[in-house]
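To start, the structure itself, in structure tokens.
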Amino acid sequence: MKHRAGAHRRGHPGSPTVDGRAAVELRKVMTRPQQCQYWLIVALWLAANGYFWEWWLTRQHIGNTLLFVLMTAALFYSATVLSSMYALFLGYMRRPVPIPVSRAEDSGVIGRVAVISLTVPGSESLDIVRAQLVAMTRIRYPHDSWILVDKEHSPEIAAMAQSLGVRYFCRHDEETWGKDRVSAWNQANPPFKAKTKAGNVNSWLDAYGDLYSHFTQFDIDHLADPSYLDRVLGYFVDRQVKWVQAPSVYGNHLTWTARGSSEQEFGLQGPLQMGFFGFSRTPFIIGSHCTYDMAAIRGIGGFQPTRAEDHLDTVCLAAKGYQGVFVPDVLAVGGGPETFETYLSQQFAWAYSMIEVLLFHTPRLIWRYRPRQAVQFLFVQTWYTFWSLSMVVLFCIPLLSLLLNTPVAHVGYLEFLSRSIWMAIMATVIWYWSRPWHVPAGLRLSWRGVVLHVARWVVVFSAFIQVLLRVKKPYMITRKGVDGAGRPFPMQVLTPYIAMVLIALASCWFYLGLHHRGPSQGYLFFGLQDAALFWLLLVITVVQEVRSAHRTGTALPNVVALQARPLLVSGLLGVLFLGTAVASSGPIIQALAIW
Numbered sequence: 288m289k290h291r292a293g294a295h296r297r298g299h300p301g302s303p304t305v306d307g308r309a310a311v312e313l314r315k316v317m318t319r320p321q322q323c324q325y326w327l328i329v330a331l332w333l334a335a336n337g338y339f340w341e342w343w344l345t346r347q348h349i350g351n352t353l354l355f356v357l358m359t360a361a362l363f364y365s366a367t368v369l370s371s372m373y374a375l376f377l378g379y380m381r382r383p384v385p386i387p388v389s390r391a392e393d394s395g396v397i398g399r400v401a402v403i404s405l406t407v408p409g410s411e412s413l414d415i416v417r418a419q420l421v422a423m424t425r426i427r428y429p430h431d432s433w434i435l436v437d438k439e440h441s442p443e444i445a446a447m448a449q450s451l452g453v454r455y456f457c458r459h460d461e462e463t464w465g466k467d468r469v470s471a472w473n474q475a476n477p478p479f480k481a482k483t484k485a486g487n488v489n490s491w492l493d494a495y496g497d498l499y500s501h502f503t504q505f506d507i508d509h510l511a512d513p514s515y516l517d518r519v520l521g522y523f524v525d526r527q528v529k530w531v532q533a534p535s536v537y538g539n540h541l542t543w544t545a546r547g548s549s550e551q552e553f554g555l556q557g558p559l560q561m562g563f564f565g566f567s568r569t570p571f572i573i574g575s576h577c578t579y580d581m582a583a584i585r586g587i588g589g590f591q592p593t594r595a596e597d598h599l600d601t602v603c604l605a606a607k608g609y610q611g612v613f614v615p616d617v618l619a620v621g622g623g624p625e626t627f628e629t630y631l632s633q634q635f636a637w638a639y640s641m642i643e644v645l646l647f648h649t650p651r652l653i654w655r656y657r658p659r660q661a662v663q664f665l666f667v668q669t670w671y672t673f674w675s676l677s678m679v680v681l682f683c684i685p686l687l688s689l690l691l692n693t694p695v696a697h698v699g700y701l702e703f704l705s706r707s708i709w710m711a712i713m714a715t716v717i718w719y720w721s722r723p724w725h726v727p728a729g730l731r732l733s734w735r736g737v738v739l740h741v742a743r744w745v746v747v748f749s750a751f752i753q754v755l756l757r758v759k760k761p762y763m764i765t766r767k768g769v770d771g772a773g774r775p776f777p778m779q780v781l782t783p784y785i786a787m788v789l790i791a792l793a794s795c796w797f798y799l800g801l802h803h804r805g806p807s808q809g810y811l812f813f814g815l816q817d818a819a820l821f822w823l824l825l826v827i828t829v830v831q832e833v834r835s836a837h838r839t840g841t842a843l844p845n846v847v848a849l850q851a852r853p854l855l856v857s858g859l860l861g862v863l864f865l866g867t868a869v870a871s872s873g874p875i876i877q878a879l880a881i882w
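So, in structure tokens, the structure goes:
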């Protein structure tokens, strides 16, 4: 494929500059009326928080001191900190003024460009691979397209790539590279760690990095718009810019998990990324697709050695003083997790790696960040840890109150509700008010996103514990184009949620059997609430699995027979829950009357 050579000419008259260099210009996202609305909402949000916390933090409200402190910390983080930080970054939302790629060519910044994607034979269907190869060749800006194959040399993919004009690279191809080089590219440790995305990319960088000034990496299921490179390369005219990111979105809304995953990304892929860009000029790299300055990536040792290599790439580049750009336009669309099992595996991998970054990399790098970068990075990196811990505390608090027969706080439920509801209302207002900037546009939050949000904190907490215990996990590949329809739902995926239901119900029965009445009897309501939440999650998940399998053409009786175990377990738990609710109704009604 031909390449345009950039002529070395003077910068365009009137171009924004910083210290004599061309610079990316930022534009506010909000209109003047929207800014007025924003500050009004922020004022009401602060008032709602003051109304609750001024009342809650009163000495006479303290029941069991330890439980009260734990609940206060969990409430403060989940109810106040998260929405406050979201509102903060909303206020900093910026988008870059478009820069024609010709400007970067004229300045001599852009040389030869590559577009790469990665695949592991057997982990993605050949249809998915072919679709990506075709999509790469349709990108209009002159470039070389590459498919990077890991695990083993694949003559089939090599032939497919050759037929479409895509270059082929495999770090296991001894015939091309020889045993010594293949061995060097497949080590037990970084940067060429075997069976990892980073090791695969770094091997290609070692082999061909000298040929290119910039490259774009796509996950195998994320297909680019033909204008992709034209829309991102121009920003590299600012020599401080070393990566350009666009939203990572899913277009496969046929499966409930892919649709729910899209809904969970609303805030991050739009408002938060625009806010990060305006706040610190450091939007986060999202590994599904991003464009990089070759010299900068090689300068940090290539892709970083974690499952969250994209995030660690961001913080390592930022530690060197580099900046990124976030283009808030959908330039590529992916498939998303096709099954609940895949979704949970993906969430576990991300959480595990992000917590590793927080504990083992951030302490070394944080001193090199600017203050705003430090605030932003710590907020994002601690989210998995603090959010999952908050959810664990809020789940366990009523159960511990039942076991100890001691109230958490001396407050009435209706009074608590009347004070806290204003925070909930204003948090919802902040979220819905920001919808014009949610990505992808036109999609709305549904039960799918809510169910997955409830489901993921359990695996996120598991990841946190395993990182603390130094449990080593192999690199986890997200399977794409290989769905799980037509096989039994793996019970080990549901086991944690079954356990949550049983723990909550057992706590209720323990209280009923030992105390029946007492200062904590009202917490039976919250224990049942815990059980109901995870029982409903189980039912929804299993029913959706049945529906998904049925849509593939499998007869409904066969699907039901295939999923008999999870259906039976869900039914038995439902009966147990109903029995516990009936037994608890008397003490709960009495407590509500007192409250």
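Each step along the sequence shown adds one to the number in this note's numbering, with nothing skipped, and position 145 is 432. For glycine and all other residues, C-beta sits at the position ideal for the given N, C-alpha and C.
1) For the stretch 489-505 and the stretch 563-582, state whether three or more C-beta atom pairs, one from each stretch, are separated by less than 8 Å.
2) If you compare alpha carbons, which of S389, A728, S872 is closest to D517?
3) Enumerated in chain order, which unbroken segments of the beta strand (DSSP E) with a length of 3 residues or greater are wholly contained in the stretch 552-582?
4) Once you ignore the five residues that flank F566 on each side, which residues in its own chain have a CB closer than 7 Å to its CB?
5) Name, in chain order, the residues that DSSP records as bridge partners for C457.
6) Since K315 sits in a beta bridge, which residues does DSSP pair it with?
7) In the DSSP assignment, what residue or residues form a beta bridge with T503?
8) Quick one: residues in its chain with C-beta nearer than 6 Å to the C-beta of W472, no 5 flanking neighbours on either side, listed in chain order?
9) Fully enclosed by the stretch 674-722, which alpha helix (DSSP H) runs are 4 residues long or longer?
10) With burial defined as no fewer than 16 other Cβ atoms inside 10 Å of the residue's Cβ, what is the status of A330: buried or exposed?
11) Could you spell out the range, first to last residue, of the beta strand (DSSP E) harbouring G858?
12) Give a single yes or no on whether F505 has its beta carbon closer than 7 Å to a heavy atom of the ligand ADP.
13) Which runs of the alpha helix (DSSP H) spanning at least 4 residues fall entirely within the stretch 793-847, listed in chain order?
14) To the nearest angstrom, how far is it from the Cα of L732 to the Cα of G622?
15) Within 10 Å of its beta-carbon, does D817 have 16 or more other beta-carbons around it, so buried, or fewer, so exposed?
16) Quick one: what's Y522 bridged to in DSSP?
17) Based on Cα-Cα distance, which residue from V528, W543, G873 lies nearest to R838?
18) Quick check on A848: buried or exposed, where buried means 16 or more other Cβ atoms within 10 Å of its Cβ?
19) Under 8 Å, with one C-beta from each stretch per pair, do the stretch 426-444 and the stretch 533-542 reach the 3-pair mark?
20) Report yes if the C-beta distance between R381 and K315 is below 8 Å; otherwise report no.
21) What is the DSSP secondary structure of G465, counted as helix, strand or coil?
22) Hey, would you say L354 sits closer than 8 Å to V695, going by beta carbons?
23) For D512, does the three-state DSSP call read helix, strand or coil?
24) How far does the beta strand (DSSP E) with K529 in it reach, from first residue to last?
25) For D437, which residues of its own chain have a beta-carbon under 6 Å away from its beta-carbon, when the five flanking residues on both sides are left out?
26) Using alpha carbons as the reference points, say which of P615, L691, L823, S470 lies closest to P558.
27) Helix, strand or coil: which one does DSSP assign to A619?
28) With a threshold of 8 Å, are at least 3 pairs of Cβ atoms found where one atom belongs to the stretch 344-351 and the other to the stretch 694-711?
29) Rounded to the nearest angstrom, what separates A512 and A391 at their Cα positions?
30) Rounded to the nearest angstrom, what separates Q831 and T367 at their Cα positions?
31) Which word fits I876, buried or exposed, when buried means at least 16 other C-beta atoms lie within 10 angstroms of its C-beta?
32) Compute the distance between the beta-carbons of A819 and F864, then report whether it is under 8 Å.
33) What do you reckon, are the CB atoms on V746 and A638 nearer than 8 Å?
34) Determine the DSSP secondary structure at Y630, reduced to helix, strand or coil.
Taking the structure as given:
1) Using a Cβ-Cβ distance cut-off of 8 Å, the stretch 489-505 and the stretch 563-582 are in contact, since at least three pairs of beta carbons, one from each stretch, lie closer than that value.
2) Nearest C-alpha to D517 among S389, A728, S872: S389.
3) You should have 576-580.
4) Answer for F566: F376, Y379, R659, Q663, listed in chain order.
5) Residue pairing for C457: DSSP places it in a beta bridge opposite V436.
6) K315 pairs with R381.
7) Answer by DSSP bridge pairing, in chain order: V402, T578.
8) For W472, the CB contacts under 6 Å within the same chain, skipping 5 residues up- and downstream, are R458, F479, S490 in chain order.
9) If we require 4 residues or more, the alpha helix (DSSP H) runs fully inside the stretch 674-722 come out as 700-720.
10) Within a 10 Å sphere around the beta-carbon of A330 sit fewer than 16 other beta-carbons, which makes this residue exposed.
11) Annotation: G858 is outside any beta strand (DSSP E); the continuous alpha helix (DSSP H) that includes it extends over 851-881.
12) Ligands in the displayed structure: none, and consequently the ligand ADP is not present.
13) Runs found: 810-838.
14) About 18 Å.
15) So D817 ends up on the buried side.
16) According to DSSP, residue pairing for Y522 in a beta bridge does not occur.
17) When only C-alpha atoms are compared, the closest one is W543.
18) A848 is exposed by the Cβ-count criterion.
19) Contact between the stretch 426-444 and the stretch 533-542 is absent, because fewer than three Cβ pairs lie under 8 Å.
20) Their beta carbons are under 8 Å apart, which means R381 touches K315 by this criterion.
21) Looking at G465 - three-state DSSP - the assignment turns out to be helix.
22) Yes, the pair counts as a contact, with Cβ atoms nearer than the cut-off.
23) Coil, per DSSP.
24) Unbroken beta strand (DSSP E) run through K529: 528-532.
25) Result list for D437: V407, N487, in chain order.
26) For P558, the nearest C-alpha among the options comes from P615.
27) Three-state result, A619: strand.
28) Touching, per the Cβ criterion.
29) Checking the displayed sequence, the identity of residue 512 turns out to be Asp instead of Ala. Inter-residue distance for D512 and A391 is about 21 Å (C-alpha atoms, whole angstroms).
30) Take the alpha-carbon of Q831 and the one of T367: they are about 33 Å apart.
31) I876 should be labelled exposed.
32) For the pair A819 and F864, the CB atoms are nearer than the 8 Å cut-off.
33) It is a contact, given that the beta carbons lie within the stated cut-off.
34) In the structure shown, Y630 falls within a helical segment according to DSSP collapsed to helix, strand and coil.
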